[in-house]
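Q: To start, I am sharing the structure in question, which I have written as structure tokens.
Residue numbers (our numbering), protein chains in the order written: chain A, 111 to 425; chain P, 111 to 425.
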């Protein structure tokens with residue numbers, strides 16, 4: 111049994127990763143939880159620890175106590191849109207937590223792999239020529255969140271270079287699924303549709319920018335990539351993770367509306383636009399696919415159906 | 111008269127910049143001071159404000175009150191070596207101060223230019239093929255300080271893209287002169303020589319890694335580049351600043367020892383080695399030179415003489 115620590119285990123990607131590892135029966139899973147979140151099925155409750163990762167002493171003590179062989183550091187403030195309202199909050203939270211995890215891992219004699227999660231948002235406003243985006247494309251961030259991810263990413267690189275800490279870095283493109291917060295686009299749409307279906311009164315839906323293109327994959331495919339990165343990733347290296355297919359947000363909305371049981375009117379809400387946004391992000395994940403054989407396996411329409419059904423049950 | 115705010119005005123580059131602007135008689139200069147530092151000649155005392163830039167409210171209030179047209183944001187924890195002892199301190203200080211200055215500038219109706227100071231250390235461990243280093247070379251930081259500068263640099267870019275804030279970014283290579291703290295290599299050598307000359311007893315000098323190559327310029331040339339960047343730099347862009355000439359640290363030491371009035375023995379001190387260091391940094395400043403005509407004007411041997419004379423007076 112490999113001893114694994116997942117930070118943010120009750121969060122979106124964290125809970126999917128935990129449940130996917132539980133099914134493989136090869137991992138002893140510990141997790142950090144912040145606030146009241148979802149409890150992943152199959153992880154014993156006493157292996158979940160309430161912890162704010164910016165509490166440095168508590169974080170270092172926990173890692174020393176658990177002595178994990180793998181650390182998946184998934185906990186982060188993860189909304190580009192929200193980061194505009196308090197840039198300092200997103201920056202300091204994400205960066206301090208990353209430093210504490212890295213310093214904690216330096217004191218962990220059992221550590222074999224530490225996964226640092228960057229983001230496609232690090233590339234930000236790329237030019238058409240740069241598409242699809244490989245790891246050499248220049249970074250051009252357009253949100254404080256994106257800058258916080260650049261700092262996390264390069265901290266991972268620096269601790270590898272300075273201390274030979276066995277860090278693997280990934281830059282996931284958009285991924286969605288059950289339990290993603292409705293401040294992200296797919297659950298935001300799905301939740302509103304589920305509400306409208308239920309109430310049968312107000313049949314108007316508010317949307318932001320529909321013109322952008324994003325590379326969506328299913329969270330279940332993404333967390334499998336995280337596991338493969340730990341097994342086969344080269345130390346210090348960075349890997350883009352995405353399907354390689356771009357969907358316009360407008361098409362995502364259309365597909366979801368086709369699944370709706372009622373007729374819905376769509377209006378644009380200026381409050382749902384960010385000060386700056388990225389027109390198109392598509393991954394070239396060739397470096398990772400050649401190394402590991404990873405492929406996305408779940409068609410996006412299937413993911414959308416699952417997310418809508420999830421929100422129908424929540425509402 | 112242009113109204114100028116210099117953060118870190120009592121620091122090394124800050125004080126040289128202030129005194130150089132005073133001599134041009136075209137600037138009304140305000141500055142922030144942290145702790146007790148050098149007071150730049152010619153700047154009225156009531157225009158110097160004691161302030162810790164991580165105090166967000168105080169920083170925003172100050173900028174609102176002064177309404178500077180130019181902000182040179184020079185204040186930072188600036189030692190790569192020191193950043194290893196408390197990575198979080200250097201990261202959070204430099205990044206929080208940068209966010210506060212950027213948010214302050216967003217509320218400054220008079221703002222025309224804001225200078226964000228990165229560092230050659232952002233490039234870090236480059237390959238021989240990348241030398242001399244232009245702005246397109248991949249970043250490969252090897253100290254927490256370097257990561258903090260990457261974050262500052264990209265925050266400047268992000269505020270330009272998101273809010274059209276008139277940010278100019280520079281990545282200065284090594285520069286030295288009077289008042290640089292003796293934890294940097296040139297004043298570290300000069301101070302020890304001055305001490306040995308004075309005491310006439312202990313004639314042994316402790317040194318760290320002598321094999322690295324660095325691109326040194328005089329701080330007086332560097333602060334002139336900062337002023338030119340404000341006058342002529344393109345908004346949002348980044349410019350490397352350096353002489354284009356690499357000096358091995360060993361040669362710097364030899365030149366200084368030749369100026370010494372006593373014979374000195376040199377011993378290597380392992381405590382003066384960083385966990386990771388950069389073997390060679392040489393600037394390609396072509397982008398900035400073609401735009402502004404800037405050139406370094408002060409021969410390095412002259413700078414070394416001045417620094418040694420400065421420390422002879424201090425000891």
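Cβ atoms here follow ideal geometry from the backbone N, Cα and C, with glycine treated the same way. All of these numbers come straight from a predicted model, not from anything done at the bench.
Identify each residue in the stretch 185–199 of chain A for which the Cβ-Cβ distance to at least one residue of chain P is less than 9 Å, and report them in chain order.
A: If the cut-off is 9 Å between Cβ atoms, the stretch 185–199 of chain A has 194, 197 and 198 near chain P.
Q: Near residue 140(P), which residues of its chain fall below 6 Å by C-beta distance, leaving aside the five closest residues on each side in sequence?
A: Here the question's residue 140(P) lines up with position 30 in the second chain. Cβ within range, chain order: 115, 157 and 176.
Q: Take the Cβ of residue 301(P) as the centre, count every other Cβ of all protein chains shown within 10 Å, and call the residue buried at 16 or more, exposed below.
A: Taking the first residue of the second chain as 1, we reach residue 301(P) at position 191. Buried is the call here.
Q: Per DSSP, which one or two residues make a beta bridge with residue 138(A)?
A: Counting from 1 along the first chain, the entry for residue 138(A) is found at position 28. Its beta-bridge partners are 113(A).
Q: Since residue 327(A) sits in a beta bridge, which residues does DSSP pair it with?
A: The residue labelled residue 327(A) in the question sits at position 217 within the first chain. BP columns for residue 327(A) point to 285(A).
Q: Quick check on the burial criterion: 16 or more other C-beta atoms within 10 angstroms. Buried or exposed for residue 371(A)?
A: Looking up residue 371(A) in the first chain gives position 261. It counts as exposed.
Q: Note down, in chain order, each residue of its chain lying with its Cβ closer than 7 Å to the Cβ of residue 340(P), except the 5 sequence neighbours on either side.
A: For this step, residue 340(P) is matched to residue 230 along the second chain. Answer for residue 340(P): 180, 223, 225 and 278, listed in chain order.
Q: Given 8 Å as the limit, is there contact between the stretch 384–396 of chain P and the stretch 351–367 of chain P, that is, 3 or more CB pairs closer than that?
A: A contact exists between the stretch 384–396 of chain P and the stretch 351–367 of chain P.
Q: Using a Cβ-Cβ cut-off of less than 8 Å, give me the residues of the stretch 259–272 of chain A that come near chain P, in sequence order.
A: Against chain P - using a Cβ distance shorter than 8 Å - the residues of the stretch 259–272 of chain A are 260, 261, 264, 265, 267, 268, 271 and 272.
Q: Of all Cβ atoms in chain A, is any one closer than 8 Å to the Cβ of residue 237(P)?
A: Within the second chain, numbered from 1, the residue matching residue 237(P) stands at position 127. Not closer than 8 Å to any Cβ of chain A, the Cβ of residue 237(P) fails to qualify, so no.
Q: In three-state DSSP terms, what is residue 384(P)?
A: Numbered from 1 along the second chain, position 274 holds the residue referred to as residue 384(P). Correct three-state label for residue 384(P): coil.
Q: Would you tell me roughly how many angstroms separate the C-alpha atoms of residue 366(P) and residue 299(P), rounded to the nearest one?
A: As a working note, residue 366(P) is residue 256 in the second chain. As a working note, residue 299(P) is residue 189 in the second chain. Using only the alpha carbons, I get a separation of about 8 Å.
Q: Which of helix, strand or coil does DSSP assign to residue 248(A)?
A: Here residue 248(A) refers to the residue found at position 138 of the first chain. Note: residue 248(A) maps to coil in three-state DSSP.
Q: Following the continuous alpha helix (DSSP H) through residue 262(A), name the residue where it begins and the one where it ends.
A: In the first chain, residue 262(A) corresponds to position 152, counting from 1. From DSSP, the alpha helix (DSSP H) with residue 262(A) extends over 254–273.
Q: Are the C-beta of residue 256(P) and some C-beta of chain A separated by less than 8 Å?
A: Translated into the one-based positions of the second chain, residue 256(P) becomes position 146. Cβ-Cβ to chain A under 8 Å: yes for residue 256(P).
Q: Which residue wins for smallest C-alpha separation from residue 284(P), given the options 352(P), 385(P) and 221(P)?
A: Numbered from its first residue, the second chain carries residue 284(P) at position 174. Closest by alpha carbon: 352(P).
Q: Pull up the DSSP beta-bridge partners for residue 348(A), would you.
A: As a working note, residue 348(A) is residue 238 in the first chain. Residue 348(A) pairs with 279(A).
Q: Would you call the stretch 376–389 of chain A and the stretch 119–129 of chain P touching, i.e. three or more CB-CB distances under 8 Å?
A: They do not touch, by the three-pair rule.
Q: Can you pull the DSSP bridge partners for residue 357(A)?
A: Taking the first chain and counting its residues from 1, one reaches residue 357(A) at position 247. DSSP output for residue 357(A) lists 324(A) as bridge partner(s).
Q: Nearest by alpha-carbon distance to residue 424(P): which of 303(P), 187(P) and 320(P) is it?
A: Position 314 of the second chain, counted from the first residue, corresponds to residue 424(P). That would be 303(P), whose Cα lies nearest to the Cα of residue 424(P).
Q: Are residue 296(P) and residue 377(P) close, meaning C-beta to C-beta below 8 Å?
A: Stepping through the second chain from its first residue, residue 296(P) is reached at position 186. Stepping through the second chain from its first residue, residue 377(P) is reached at position 267. No. Outside cutoff.
Q: Between the alpha carbons of residue 397(P) and residue 422(A), how many angstroms are there, rounded?
A: Within the second chain, residue 397(P) is the residue found at index 287, counting from 1. Within the first chain, residue 422(A) is the residue found at index 312, counting from 1. One C-alpha to the other measures close to 57 Å.
Q: Are at least three pairs of beta-carbons, each pair with one atom in the stretch 256–273 of chain P and one in the stretch 251–267 of chain A, less than 8 Å apart?
A: The stretch 256–273 of chain P is in contact with the stretch 251–267 of chain A.
Q: From the beta carbon of residue 284(P), is the nearest beta carbon of chain A less than 8 Å away?
A: By 1-based counting over the second chain, the position of residue 284(P) is 174. No, residue 284(P) does not count as interfacial toward chain A.
Q: Give every residue of the same chain whose Cβ lies closer than 7 Å to the Cβ of residue 408(A), excluding the five residues on either side of it in the sequence, and list them in chain order.
A: Locating residue 408(A) in the first chain gives position 298, where the first residue counts as 1. So the list reads 328, 330 and 331, once near-sequence residues are dropped.
Q: Pick helix, strand or coil for residue 407(P), following the three-state DSSP scheme.
A: Working through the second chain from its first residue, we reach residue 407(P) at position 297. Note: residue 407(P) maps to coil in three-state DSSP.
Q: What does DSSP give as the partner residue(s) for residue 226(A) in the beta ladder?
A: Position 116 of the first chain, counting from 1, holds the residue named residue 226(A). In DSSP, residue 226(A) forms a bridge with 183(A) and 279(A).
Q: Give the range of the beta strand (DSSP E) segment to which residue 378(A) is assigned.
A: As a position in the first chain, residue 378(A) is number 268, starting the count at 1. Residues 375–378.
Q: According to the neighbour-count rule (16 or more other Cβ atoms, all chains shown, within 10 Å of its Cβ), is residue 293(A) buried or exposed?
A: Indexing the first chain from 1 puts residue 293(A) at position 183. Answer is exposed; the Cβ neighbour count stays below 16.
Q: Helix, strand or coil for residue 158(P), going by three-state DSSP, please let me know.
A: The sequence position of residue 158(P) within the second chain is 48, counting from 1. Note: residue 158(P) maps to strand in three-state DSSP.
Q: Who are the near neighbours of residue 240(P) in its chain, counting only those whose CB is closer than 6 Å to its CB and skipping five residues on each side?
A: Translated into the one-based positions of the second chain, residue 240(P) becomes position 130. Cβ within range, chain order: 247.
Q: For residue 266(P), count neighbouring C-beta atoms within 10 Å of its own C-beta (all shown protein chains included) and say buried if the count is 16 or more, exposed if not.
A: What you label residue 266(P) is simply residue 156 of the second chain in a count that begins at 1. So residue 266(P) counts as buried.
Q: Beta strand (DSSP E) containing residue 317(A): first to last residue?
A: The sequence position of residue 317(A) within the first chain is 207, counting from 1. That run of the beta strand (DSSP E) goes 314–317.
Q: Using the beta-carbon of each residue, which ones in chain P are nearer than 8 Å to residue 202(A)?
A: Translated into the one-based positions of the first chain, residue 202(A) becomes position 92. Ordered by position in chain P, the residues that pass the 8 Å Cβ test against residue 202(A) are 202, 205 and 206.
Q: Does the beta carbon of residue 350(A) come closer than 8 Å to any beta carbon on chain P?
A: Numbered from its first residue, the first chain carries residue 350(A) at position 240. Answer no: the Cβ-Cβ gap between residue 350(A) and chain P never drops below 8 Å.
Q: In this structure, how does DSSP classify residue 390(A) when only helix, strand and coil are distinguished?
A: As a first step, residue 390(A) is located in the first chain; it is residue number 280 there, counting from the start. In the structure shown, residue 390(A) sits in a strand (DSSP, three-state: E or B).
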